[in-house]
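**Student:** Take this structure, written in structure tokens, and hold onto it; I'll ask about it next.
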Amino acid sequence: MKKALIFLLFTGIVMTSCREKNLGEIEVLTLVDTTKSWDGNKLPKYPEGQPNVKILKFTIPPKTKLPPHEHLVINAGVLLSGELTVVDENNNKLYLKAGDPIVELVNTIHYGENEGTEPAEIIVFYAGAKDIPITLKKKMKN
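Letter by letter, the sequence shown follows residues 1045 to 1186 in the working numbering.
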């Protein structure tokens, strides 16, 4: 009887220490929920055809200006580190810091510029169709 009691006590201690630790609750934070790009214009409809999702990570060196371009598909991203300024053809500007989301302009010429002293890293999600390019290089109109 004494051995059985010791066994049960030992088993209880072992089982208690083997329980999963509660590391906290799952947290979900909505960064963006919108039908508009950062300039306030309504996003276009998704293109016809086979859907295609592409996720890219860009690292933009300090003091670097990207060439003017336009996106043909809806895309959104989150700046992971650094700072980034996005400028459209009318000189409207969006200033991003690490952690900020962006819903990009579609069919509007713009460029990004890292005016900071550290690389800017951004992950961008593109939602388009299989044979539609995501970006075309352009010249600014002004």
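Even for Gly, the Cβ is constructed at its ideal location relative to N, Cα and C. Small disclaimer: the values here were computed from a predicted structure and weren't measured.
What are the complete beta strand (DSSP E) segments, minimum 3 residues, inside the segment 1088-1137?
**Tutor:** Annotation: the segment 1088-1137 contains the following complete segments of the beta strand (DSSP E) (minimum length 3 residues), in chain order: 1095-1104, 1113-1115, 1118-1125 and 1127-1132.
**Student:** Which class does Thr1179 belong to by DSSP, given the choice of helix, strand or coil?
**Tutor:** strand
**Student:** What do you reckon, are the CB atoms on Leu1180 and Leu1123 nearer than 8 Å?
**Tutor:** no
**Student:** In three-state DSSP terms, what is Ile1153?
**Tutor:** coil
**Student:** In angstroms with no decimal places, state the Cα-to-Cα distance between Gly1084 and Asn1066.
**Tutor:** 42 Å
**Student:** Alpha carbon to alpha carbon, how far is Asn1119 from Val1168?
**Tutor:** 7 Å
**Student:** Does DSSP classify Ile1070 as helix, strand or coil?
**Tutor:** In the structure shown, Ile1070 sits in coil (DSSP, three-state: anything other than H, G, I, E or B).
**Student:** One question on the structure: do Val1130 and Ile1146 come within less than 8 Å of each other, judged by their Cβ atoms?
**Tutor:** yes
**Student:** Tyr1090: which of Gly1172, Lys1185 and Pro1163 sits nearest, CA to CA?
**Tutor:** Gly1172
**Student:** Compute the Euclidean distance between the alpha carbons of Glu1114 and Pro1177, then round it to the nearest angstrom.
**Tutor:** 10 Å
**Student:** So who's on the other strand from Pro1145, going by DSSP bridges?
**Tutor:** Val1122
**Student:** Note down the Cα distance separating Lys1137 from Glu1127, rounded to an integer number of angstroms.
**Tutor:** 13 Å
**Student:** Excluding the five sequence neighbours on either side, which residues of its own chain have a C-beta within less than 8 Å of the C-beta of Ile1153, listed in chain order?
**Tutor:** Pro1112, His1113, Glu1114, Asp1132, Glu1133, Lys1182, Lys1183, Met1184 and Lys1185
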